[in-house]
Amino acid sequence: MKEAAGEANLTVVAIILIGVIAAVVTPLVSSLMSNTANRACCTDAGGVWKGGSCQPPANNSGSYDAKGYNDCVKSAKK
């Protein structure tokens, strides 16, 4: 009987640990996915991702579409 109680306690501890890990990892993964979507939108619009924001290219080569970037970010958040 003691062995069964010990296994039940271990199961409860494992379930609690899984819940805690999921609660910590979920916001991190969500943040990474959002950041990746923003970078992709910036690149698609012809910009360069620097310092957490989308900037026009330094040499002004190509066309940077700020409206296209903003539209892309809005649609990615849906």
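Residue numbers are given in the working numbering: position 63 of the sequence shown equals residue 63, and the series is strictly consecutive.
Yeah, the Cβ is synthetic: ideal placement off N, Cα and C, and Gly gets one too.
Keep in mind the model is a prediction, meaning the values are calculated, not measured.
Contact under 8 angstroms by Cβ, residue i with residue j
{"i": "glycine 51", "j": "tyrosine 69", "result": "no"}
{"i": "alanine 76", "j": "alanine 37", "result": "yes"}
{"i": "tyrosine 64", "j": "alanine 45", "result": "yes"}
Collapsed DSSP secondary structure at residue i in the structure displayed
{"i": "serine 53", "result": "strand"}
Beta carbon proximity, residue i to chain B, threshold 8 angstroms
{"i": "alanine 37", "result": "Looking for chain B here will not work: only one protein chain is present."}
Cβ neighbour criterion (16 or more within 10 Å) applied to residue i
{"i": "alanine 23", "result": "exposed"}
Residue closest to residue i, alpha-carbon to alpha-carbon, out of the options
{"i": "cysteine 42", "options": "Leu17, Lys74 and Leu28", "result": "Lys74"}
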